[in-house]
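One structure is given here, and the rest of the page talks about it.
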Amino acid sequence: MAMAPPRDHAGRASAVIVHGGAGADPADGRDELRAGVQAAALAGWRALGGGGRALDAVEAAVRVLEDHPRFNAGRGSVLTSAGTVEMDASIMEGDRLACGAVAAVSRVANPITLARRVMDDERHVLLVGDGAHAFARAVGLPDCDPALLITDRQRARLATHVPDSRGTVGAVAIDRHGTIAAATSTGGMVGKRPGRVGDSALIGCGTYADSALGGVSCTGAGEAIIRVVLARRALDHLQGDGEPDAAARAAVDLLVKQGRGEGGLILVDARGRVGYAYSTPLMPVAWMSSGLDAPRVPF
Ligand code: GLY
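In this text, residue positions in the sequence shown follow the working numbering: the first is 75, and each later residue adds one.
And the structure:
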């Protein structure tokens, strides 16, 4: 599945990195997680080919994970205490600091695409609940029966109240023009109170991109991530040519110590270098960048 690395005439590198959520290491199903994040990274990489945009890459990558029932986003989202699906998503493009987000949506198959439409529309940054559904209809996104998003796995999870289900999905990319974009999508926390909104809908918390510095997508305990404004703070650690993995680790340490929660994040810096870190037993990650002939899937 090797593809030629996209490079522009100035030799600028492209890259895309995806995560499938920080959480427990499953007793089984690791192969499924690996295949899922690898497929998402490849979808993002294909979108970057031929001068494609980072924004299209992160949307394409996240859609793959939203469509995959094994990840906590789109189909396969965890359930609220009422047994319903309420999803959050956000997307950002770092040249203009353009961003869009949705929260507590239940009638769209791909919340990240609805967030993208909010961004492209430019009037607002965040739409929630029925207002977001009305906007989806107005821009022609198909209505989705919420029952189709609910899997037996998540019904069982709610029934047994498995506490550690912090999976969320995300992607960060840089294109050959040097534009950085980031996207995050989630069903939230299992058994959450209906109406609860987490970090994944909040720019600066779950998602941030500034093409001068880098882009970030977070996963983990949403309330803790919000407390420390994690995505934006992670970029502080890239100032002065900080190493991406060290920046990610410093940000996760901040989440654990000051935020009082567990989680992880992925990032891409302005030079196209990728980094990631997490404090949970597992965070499925895959990336593809100029110079690689196949995605790296390090777990
Ligand atoms: N990080 C996902 C959430 O807490 O909703």
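Quick reminder that beta carbons are idealized off the backbone N, C-alpha and C, glycines included.
Check: C292 C-beta below 8 Å from any heavy atom of ligand 1: yes
Residue interval of the beta strand (DSSP E) (run including I165): M161 to E167
Rounded C-alpha distance that separates S239 from G126: Its pLDDT being 49, under 50, S239 is placed unreliably by the model, and the measurement read from it follows with that caveat. Near 34 Å, if we compare the C-alpha coordinates of G126 and S239.
DSSP three-state assignment for V371, whether helix, strand or coil: coil
Backbone secondary structure at H198 - three-state DSSP: coil
Secondary structure of V271, DSSP reduced to three states: coil
Helix, strand or coil at A305 [DSSP, three-state]: helix
Given 8 Å, three or more beta-carbon pairs between the region 283–299 and the region 91–99: yes
Neighbour-count burial assignment, P369, 16 or more Cβ in a 10 Å radius: buried
For D319 and L232, the rounded distance between their alpha carbons: 34 Å
Reference V213, options V302, L276 and T187, closest by Cα: T187
Closest residue to S285 among C279, G252 and A305 (Cα-Cα distance): G252
For S291, the residue or residues it bridges with in DSSP: T281 and I340
Simplified DSSP state of H93, which is helix, strand or coil: strand
Three-way DSSP call (helix, strand, coil) for L171 in this model: coil
Chain-order list of residues whose beta-carbon lies under 6 Å from that of G272 (same chain, five-residue window excluded): D162, G262 and G296
beta-carbon D15 near ligand 1 non-hydrogen atom, thresh 8 Å: Only positions 75 to 373 of the chain appear in the structure, and residue 15 is not among them; the question remains open.
Three CB pairs or more closer than 8 Å across the region 187–198 and the region 165–175: yes
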